[in-house]
Amino acid sequence: MSQPAARPESDPYEDACARAIEACGGDTHGTIKALLIANEFLEAQLTELRTAVSLGYARGKLHEYVVALPEDRKDWYD
């Protein structure tokens, strides 16, 4: 007997896109704008966290980000 056709797995990105568009009331321009704002926020958080990680802990991997740190960071630890 023939096997039933395998149902294709849903693409998680397609599902996420559909949910994002639905969350913005079907407005694709608004969805893109919201995603760009969210991405900008996450990039800012990443930059902040990179500066907070000690150079020794990162084993020098963040050197290009740490070079721009201020000499005196005492206020960060108050």
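The numbering of the sequence shown is full-length UniProt numbering, which starts it at 1 and goes up by one.
We put the CB at the ideal spot given by N, CA and C, even for glycine.
Asked	Found
Collapsed DSSP secondary structure at Gly-30 in the structure displayed	helix
Alpha helix (DSSP H) segment containing Cys-24, residue limits	Looking at the DSSP string, Cys-24 is not in any alpha helix (DSSP H), and its letter there is neither H nor E.
Backbone CA spacing between residue 82 and Phe-41 [nearest angstrom]	Past the edges of the chain, shown from 1 to 78, lies residue 82, and the structure says nothing about it.
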